[in-house]
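In this note's numbering, the protein residues as written are 63 to 226.
All residues carry an ideal CB built from backbone N, CA and C; glycine is no exception.
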Amino acid sequence: MQPAVVTVPIIYTPPVQRQSLTFVGRLVSLAVALAALAVLVIAVKLPPSPTGEGTHTGIGLQRCDFLATTGLPCPTCGMTTSFAWFVRANWVASFYVQPMGFALALATGALFWAALYMTLTGSPLHRLTRQLPMTYVVVAVMAFGIAAWGWKIFIHLHGIDGWH
């Protein structure tokens, strides 16, 4: 009687070759970089409101109906003001006025540089996002957004939501 033959499964390793974006992929990356840059440039042009909200009226948008109706800031109140402080490198004011606005401004800056890098080098950096456990990322971002809104309500109700 012969002993049983143990076979080891073959481990598949795809050939290693440099992946590169197509011309259309680079154009999309350029469009994303320009869109992110446009947001940051608009923030540079807007003087931050000392009250912590209302900066968006500088680009022709109306005041917040939610705030006017309820007396409480909406989840996005203070975002534009936070961006305006962020681009002026006053990150403490940006975070204080609206923590989620600070996080989004930081993400917008990172997105600009990543998309510009992808445009210039053709390197598909967006593939790295597949490594993230998206369920946890989404839950964490939503939890941070809710906490940021709670912070905004807290500082508004205490009359300390401005930055001078």
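{"Item": "Beta-carbon proximity check, Thr170 vs Val101, cutoff 7 Å", "Value": "yes"}
{"Item": "Anticipated Cβ contact below 8 Å, Arg155 with Trp211, distance rounded", "Value": "The amino acid at residue 155 is misidentified as Arg; the sequence shows Ala. Not really, about 18 Å apart at Cβ, beyond 8 Å."}
{"Item": "The alpha helix (DSSP H) enclosing Pro161, as first and last residue numbers", "Value": "161-183"}
{"Item": "Arg88, enclosing alpha helix (DSSP H) - first and last residue", "Value": "85-107"}
{"Item": "Straight-line gap, Gly120 to Pro135 (C-alpha atoms, nearest Å)", "Value": "18 Å"}
{"Item": "Collapsed DSSP secondary structure at Gly133 in the structure displayed", "Value": "coil"}
{"Item": "Coil, strand or helix - Gly122 by DSSP", "Value": "coil"}
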